[in-house]
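> Next up is a structure, given as structure tokens.
2 protein chains.
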Amino acid sequence: MPVFASDMLSSVAYAPDEILLALSLSGIVALTVSPWIGLAVAVVILVIVLCYRLNLQAYPSGGGDYEVAGTNLGTRAGLVVAASLLVDFVLTLAVSLTVFASYIGAMFPDLKPYRVLIAVIGIGLVTLAGLRGSWATRGLLAVPTYLFVGAVLLTLAVGFIRVLSGDTPEAVTSDFLALPGSDEETLLTGFAAVFIVLRAFSSGSVALAGVQTVATAVPLFRPPRGRNAAGTLLVTGLLSAIMLVGITWLSAVIGIKFVARPEEQLVTGSGSPVGDFDQDPVLGQLAQAVFSGFPFMFYVVAAVAALVLLVAANTAVEGFPGLASRLARDGFLPRQLASRGDRMTFSNGILLLAAAAIVLVVATQARVPDLIELYLVGVFLAFVLGQAGMIRHWTVRIRTLVTSPLRRRMQLNRLVGWLGLLLTGLVLVVVLSTKFFAGAWIAVAAIAILYVAMGLVRRHYSRVDAELTPEADDDSARTLPSNTHAVVVVTAIHKPTLRALAYARASRPTFVNAITVAVDEDGAQRLQERWDAMGLPVRLTILDSPYRDLNGPVMDYITGIRKRTPRDLVIVYLPQYIVGRWWENLLHNQTSLRLKTQLLNVPNVVVASVPWRLSSFHRARDQRNRRVGPSGSKPTEH
Amino acid sequence: MPVFASDMLSSVAYAPDEILLALSLSGIVALTVSPWIGLAVAVVILVIVLCYRLNLQAYPSGGGDYEVAGTNLGTRAGLVVAASLLVDFVLTLAVSLTVFASYIGAMFPDLKPYRVLIAVIGIGLVTLAGLRGSWATRGLLAVPTYLFVGAVLLTLAVGFIRVLSGDTPEAVTSDFLALPGSDEETLLTGFAAVFIVLRAFSSGSVALAGVQTVATAVPLFRPPRGRNAAGTLLVTGLLSAIMLVGITWLSAVIGIKFVARPEEQLVTGSGSPVGDFDQDPVLGQLAQAVFSGFPFMFYVVAAVAALVLLVAANTAVEGFPGLASRLARDGFLPRQLASRGDRMTFSNGILLLAAAAIVLVVATQARVPDLIELYLVGVFLAFVLGQAGMIRHWTVRIRTLVTSPLRRRMQLNRLVGWLGLLLTGLVLVVVLSTKFFAGAWIAVAAIAILYVAMGLVRRHYSRVDAELTPEADDDSARTLPSNTHAVVVVTAIHKPTLRALAYARASRPTFVNAITVAVDEDGAQRLQERWDAMGLPVRLTILDSPYRDLNGPVMDYITGIRKRTPRDLVIVYLPQYIVGRWWENLLHNQTSLRLKTQLLNVPNVVVASVPWRLSSFHRARDQRNRRVGPSGSKPTEH
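Chains as they are written, first to last, in the working numbering: chain A, 1 to 638; chain B, 1 to 638.
Here it is in structure tokens:
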């Protein structure tokens with residue numbers, strides 16, 4: 001399932017940049033530290049991958065950290081994870097497409113000023129593609145992922161060979177000098193240095209973001225699902241770790257610079273500022289340097305990186321329905337999301353997702369580091385709670401076993417869980433403490449809002465369920481109303497009215513009545529005459545309307561029946577026009593729609609809609625069928 | 001009924017400005033010509049008032065020119081008038097509030113930069129007030145109209161007395177010199193002069209705009225309606241004519257200037273440009289000059305003018321439902337507009353009206369002259385067609401009479417009609433020929449679009465009527481379906497389901513069936529067990545759903561019944577939740593709403609909504625009742 005791995009693998013297209021960027025703010029010579037940070041992140045990747053292999057096997061239903069935290073730490077913890085993951089879906093879209101725009105800019109420098117626009121258009125396209133149907137199950141999307149891994153490994157291999165053979169590649173920024181940033185941190189020493197290293201490490205750990213994507217995609221794997229997913233995760237983790245270490249080391253050897261503010265922080269060898277210089281992503285610079293004599297390969301690497309980022313963005317769109325339906329089944333989201341069959345509802349959810357991503361991209365002006373801060377909060381909050389849940393999981397199980405090799409293994413598993421919890425907790429603490437006011441609060445606030453909203457939805461459903469659950473001896477299905485009154489509301493004598501009359505009579509009510517509202521006397525008179533002339537088999541009652549109001553008299557009539565015979569059932573038959581084009585709805589059914597809403601407020605009243613399909617409906621359906629072809633939705637006979 | 005006169009009377013607050021403005025573009029010395037143009041407009045007012053007294057008496061139903069043109073010249077002419085009048089409603093709102101903003105600016109010069117905002121807020125307030133209920137029938141609104149007439153007449157009287165007593169008042173602009181505008185017209189002579197006079201005349205005839213408001217308000221007058229409305233019209237016309245002549249003459253005597261571009265066209269006595277000078281409306285300048293020692297009266301005049309403009313704007317909001325319901329009864333607008341009882345629908349219409357007015361005010365940046373061009377097109381197109389209709393009306397009647405004093409009177413009436421047609425036609429031709437590309441085309445386009453749209457609506461209704469009208473011997477109300485199948489769609493065993501089962505059984509169908517869709521096997525199993533345990537009196541059919549689709553299997557089941565027994569009636573009972581707060585709708589009924597839409601496409605299927613009122617509905621209703629108090633809408637008992 002390389003498609004779901006794309007999210008994690010694609011992060012090597014921006015994680016190294018984040019490491020160099022965080023370091024560039026300090027006076028530390030980035031080139032000597034960055035490879036070690038890359039290595040640290042790689043170790044964390046491997047630890048977390050080990051943790052998640054255990055998670056997946058213990059909870060293979062695709063609930064991921066939501067299920068782990070919910071099961072072991074309680075509903076609230078699960079809900080926090082759910083809120084975090086929803087925020088992460090938005091950020092996966094936003095980050096992937098923003099980085100995508102950077103690679104497009106690296107390939108076509110003329111497009112650099114349009115990064116925001118490109119990212120927004122990209123979100124739109126990925127969303128549309130996602131709405132058209134599931135791409136994840138199509139092998140097609142695996143191709144960019146393989147190509148990307150191949151291209152990066154090739155770049156690294158050629159690069160290291162050139163370095164070993166003494167022909168060290170030269171990047172555009174190799175000759176530049178990076179000055180420390182002008183932030184307040186440069187003034188600090190000692191403790192500050194540790195802090196900056198920690199921050200670079202946390203920024204780099206964005207490379208772990210894709211782990212959860214694989215975890216939530218478990219149900220889409222072939223059985224045995226947990227094992228296959230765990231395998232994919234291991235391979236993906238190893239590849240990510242190798243690529244990340246390779247990129248950070250090689251770029252350090254070559255001397256690639258990547259700083260927060262190039263115009264301030266980069267100077268040429270002779271000490272003059274580089275001025276208005278746009279840095280390409282580290283991987284792009286690397287490919288350019290390594291294949292210096294053969295620029296074609298640079299375009300291949302950048303194009304494949306851009307492609308894999310699109311695939312990664314697609315995983316967010318693909319992954320959302322799974323989480324949403326699980327949350328809906330648990331009562332945290334509207335119930336119509338529970339069934340995956342209901343495409344339309346999911347479409348609305350995905351459109352909301354895309355809209356939020358677009359807002360973020362525009363608000364941050366497509367600045368990747370700003371988005372990464374937000375991303376890290378959600379990702380690592382989910383990690384921390386997931387790991388805590390797993391530790392609890394093992395603790396509970398260990399308690400039941402006295403001695404056995406299994407117990408030993410579980411203790412080991414728990415140790416790995418503690419390691420994962422510490423590492424991910426460290427990242428979360430660093431992000432929250434260094435970047436809370438700089439933007440991370442937005443992610444925290446979004447998670448809190450989602451948490452509260454989903455809690456309210458759940459509370460509403462619980463209350464309603466309590467209200468609706470019948471006693472075991474509830475016999476309301478057996479105690480029938482004494483009589484049924486069928487009431488046909490007549491506005492004119494036309495075919496839909498005749499049909500409503502026939503249907504009302506066919507249900508053999510105790511009483512059947514046709515009523516009409518006399519807005520003007522002449523009209524009522526004419527209607528009555530015509531009614532009699534046609535010899536219609538039901539008596540017509542004409543209701544006066546002193547205020548020319550149409551619905552009021554009907555409501556009074558119905559509530560009148562209700563008052564006289566409170567135990568009877570009243571069925572009101574309303575003709576309803578089925579039209580072919582949306583605007584025709586503005587011309588029909590409006591008055592009866594409002595009448596229906598009012599009628600449903602009266603107890604013991606059922607509203608029966610008697611459809612009449614206008615010829616425009618048939619025309620529209622025929623046209624649709626002709627367009628779709630015979631294989632389309634089966635036509636309904638008339 | 002001074003309220004409906006307010007539209008016409010309020011025009012003296014801006015019509016004189018338009019005359020001076022049109023003249024200011026030329027080299028003509030405005031002061032010598034403007035009084036004569038004022039006089040000419042006054043004459044036209046009186047001629048048109050004479051015409052409309054006849055119209056009102058011949059067609060007293062409030063249809064105005066729409067009815068006159070439709071009856072005498074055919075549906076199409078009537079429809080053009082209707083489209084024009086709809087556009088005029090929008091422009092009455094836009095023009096009144098824009099001029100209102102000018103008077104506010106005259107009183108509080110600091111607010112002048114916010115004219116657009118003030119006009120938009122004014123439109124919003126007038127619209128809201130109009131939506132809250134009819135103000136026209138409240139005597140309150142008559143006060144500003146009387147005050148306005150009193151204030152203007154007092155200003156004129158004091159002004160003329162001061163002039164006669166040799167103490168000619170001095171306006172701010174009296175000492176300024178007005179230079180010809182830099183438009184191309186200044187280069188022409190002779191013919192151009194005639195043209196500019198004609199244009200000033202047509203711009204001034206905006207004072208006639210209110211005539212139609214009185215005509216459409218006839219049904220709101222006390223009977224005898226036609227005669228009372230005609231009386232109001234005569235008094236209003238005379239007052240308007242007197243005030244218009246008075247204002248143009250007095251401002252000419254005082255030497256008030258009002259030009260298109262003050263910064264270019266106004267120079268001080270010494271010849272230096274006045275620079276950044278904001279002109280107040282002519283009536284405002286006049287009041288300031290006349291009451292020079294007593295500024296309080298200036299504020300009274302300006303405030304009363306602003307007030308009467310609000311009342312005039314209100315007439316548009318009040319008048320719309322009348323025209324709309326007439327058009328709806330004739331099939332040109334959605335039928336729900338036909339009954340005036342349906343406030344909600346009219347509210348939507350009025351909101352559309354207000355939105356269009358706001359768009360115009362913002363698009364023209366609250367420039368009154370631009371709006372006047374648009375206004376004139378609609379107003380005079382309706383006048384011309386109305387007058388043509390009246391001429392036809394008299395011609396037809398004259399033909400039937402050989403000789404009699406009545407015939408003589410009708411011939412005289414027709415002559416008046418011709419005079420009205422010529423004068424209003426002249427204005428229309430001048431506006432269209434001089435200002436078509438400068439903006440009048442927008443009004444023409446809007447009228448054309450409304451004309452086409454209303455034509456399409458009418459065609460749709462005619463087609464549907466033809467389709468729906470039964471033959472006299474249609475016996476579809478007597479030929480009943482052979483059997484009735486009641487189908488209850490079950491998603492869970494809760495009280496709404498039990499109620500739906502009871503209601504389905506109460507209607508004594510031939511067959512009754514409960515169906516549920518098995519999204520997962522366990523759930524279906526549990527549901528069946530619970531169903532059996534409760535001993536529910538109907539058999540439960542479990543439908544498989546291979547694609548976890550909820551509605552598809554139900555649709556297949558229903559169409560299956562249809563295919564086996566095409567002559568039977570199928571009634572599908574769907575529980576529907578009635579909620580108390582809007583957002584709860586997002587949590588309920590969504591799936592069944594879509595199922596209902598699909599079911600209504602199947603022939604011979606009736607969908608019966610079985611309501612279940614959630615406790616939140618009762619809570620919300622109680623809260624509402626408590627707020628409204630016991631005199632509010634009567635509560636429905638549970």
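Ideal placement from N, C-alpha and C gives every residue a C-beta, glycine not left out. A quick note: this is a predicted structure, and the numbers were derived from the prediction, not measured.
(1) Pick helix, strand or coil for A:Ser404, following the three-state DSSP scheme.
(2) Let me check one thing: in DSSP terms, what residues is A:Pro295 bridge-paired to?
(3) Could you check whether the Cβ of B:Ala662 sits closer than 9 Å to any Cβ belonging to chain A?
(4) Mind checking the region 500-533 of chain A against chain B and listing, in chain order, the residues whose C-beta falls within less than 8 Å of any C-beta there?
(5) What residue range is occupied by the uninterrupted alpha helix (DSSP H) comprising B:Phe277?
(6) With DSSP run on the structure shown, which of helix, strand or coil describes A:Asn641?
(7) Would you call A:Trp531 buried or exposed, if buried means 16 or more other Cβ atoms sit within 10 Å of its Cβ?
(8) Of all the CB atoms in chain A, is at least one closer than 9 Å to the CB of B:Tyr557?
(9) When you compare the CB of B:Lys435 with every CB in chain A, is at least one pair closer than 9 Å?
(10) Quick one: residues in its chain with C-beta nearer than 7 Å to the C-beta of B:Gln365, no 5 flanking neighbours on either side, listed in chain order?
(11) Judging by CA-CA distance, which residue of B:Ala445, B:Gln525, B:Val384 and B:Ser165 is the nearest neighbour of B:Val429?
(12) Quick one: grab the DSSP three-state call for B:Arg409.
(13) To the nearest whole angstrom, what separates the beta carbons of A:Val639 and A:Val259, a pair I think is in contact under 8 Å?
(14) Have a look at A:Met107 and A:Ala354 and give me their C-alpha separation to the nearest angstrom.
(15) Taking the straight line between their C-alpha atoms, what separation do you get for B:Val396 and A:Ala533?
(16) Look at the alpha carbon of A:Val377 and the alpha carbon of A:Ser84, and state the distance between them as a whole number of angstroms.
(17) Over the uninterrupted beta strand (DSSP E) stretch that includes B:Leu540, give me the two end residues.
(18) Could you say if the region 461-481 of chain B and the region 403-419 of chain B meet the contact criterion of at least three C-beta pairs nearer than 8 Å?
(19) Give the secondary structure of A:Asn513 by DSSP, where H, G and I count as helix, E and B as strand, and everything else as coil.
(20) Since B:Glu18 contacts B:Gly237 with CB under 8 Å, what's their CB separation in whole angstroms?
(21) Which residues in the same chain have their Cβ closer than 8 Å to the Cβ of A:Leu187, if we skip the five residues on either side of it in sequence?
(22) Using a beta-carbon distance below 9 Å, is B:Glu318 in contact with chain A?
(23) A:Ala518 and A:Asp544: beta carbons closer than 9 Å?
(24) Using 8 Å as the threshold, is the region 42-49 of chain A in touch with the region 303-319 of chain A, meaning 3 or more CB pairs across them?
(25) Give a yes or no on whether 9 Å exceeds the smallest Cβ distance from B:Glu185 to chain A.
(26) Just by C-beta distance, which residues in the region 592-607 of chain B are closer than 8 Å to chain A?
(27) For the region 347-366 of chain B, which residues have a beta carbon sitting closer than 8 Å to at least one beta carbon of chain A?
(28) Classify B:Gln576 as helix, strand or coil using the three-state DSSP reduction.
(29) How many angstroms separate the CA atom of A:Leu286 from the CA atom of A:Ile256?
(30) Indicate whether at least one CB of chain B lies closer than 9 Å to the CB of A:Tyr114.
(31) Would B:Pro223 be called buried (16 or more neighbouring beta carbons within 10 Å of its own) or exposed?
(32) Pull up the DSSP beta-bridge partners for B:Pro611, would you.
(33) In the structure shown, what three-state DSSP assignment does A:Leu550 receive?
(34) Under 9 Å, Cβ to Cβ, is there at least one residue of chain B near A:His460?
(35) With burial defined as no fewer than 16 other Cβ atoms inside 10 Å of the residue's Cβ, what is the status of A:Thr150: buried or exposed?
(36) Please list, in chain order, the chain A residues whose beta carbon lies closer than 9 Å to that of B:Glu67.
From the atom records:
(1) Looking at A:Ser404 - three-state DSSP - the assignment turns out to be coil, as it is neither helix nor strand.
(2) Paired residues: none, contrary to the question.
(3) This structure cannot settle anything about residue 662 of chain B, because the visible part of chain B is limited to 1 through 638.
(4) Leu501, Ala502, Tyr503, Arg505, Ala506, Ser507, Arg508, Pro509, Val519 and Ala533
(5) Counting along the chain, B:Phe277 falls outside any alpha helix (DSSP H), and DSSP gives it neither H nor E.
(6) Absent from the model: residue 641 of chain A. The displayed extent of chain A is 1 to 638, so no value can be given.
(7) By the neighbour-count criterion, in which 16 or more other beta carbons inside 10 Å mark a residue as buried, A:Trp531 falls on the buried side.
(8) With 9 Å as the cut-off, B:Tyr557 does not count as an interface residue toward chain A.
(9) No, no contact with chain A.
(10) Val116
(11) B:Val384
(12) helix
(13) Residue coverage of chain A in this structure runs from 1 to 638, which leaves residue 639 of chain A outside it and unanswerable.
(14) 26 Å
(15) 37 Å
(16) 8 Å
(17) Leu540 to Asp544
(18) They do not touch, by the three-pair rule.
(19) strand
(20) About 19 Å; that fails the 8 Å criterion.
(21) Low confidence applies here, because A:Leu187 scores a pLDDT of 46, under 50, leaving its location unreliable and the question unanswered by this model.
(22) No, B:Glu318 lies away from the interface with chain A (no Cβ there is under 9 Å from its Cβ).
(23) yes
(24) no
(25) In this prediction, B:Glu185 has a pLDDT of 48, which is less than 50 and means its spatial position is unreliable; what the coordinates show is noted afterwards. No, no contact with chain A.
(26) Arg594, Lys596, Leu600, Asn601, Val602, Pro603, Val605, Val606 and Val607
(27) For chain A, none of the residues of the region 347-366 of chain B brings a beta carbon within less than 8 Å of one of its beta carbons.
(28) strand
(29) 8 Å
(30) no
(31) Exposed, since its Cβ has fewer than 16 Cβ neighbours within 10 Å.
(32) B:Gln576
(33) coil
(34) yes
(35) Reading off the sequence, residue 150 of chain A comes out as Gly, not Thr. Exposed is the call here.
(36) Those within 9 Å of B:Glu67 in chain A number zero; the least Cβ separation is about 17 Å.
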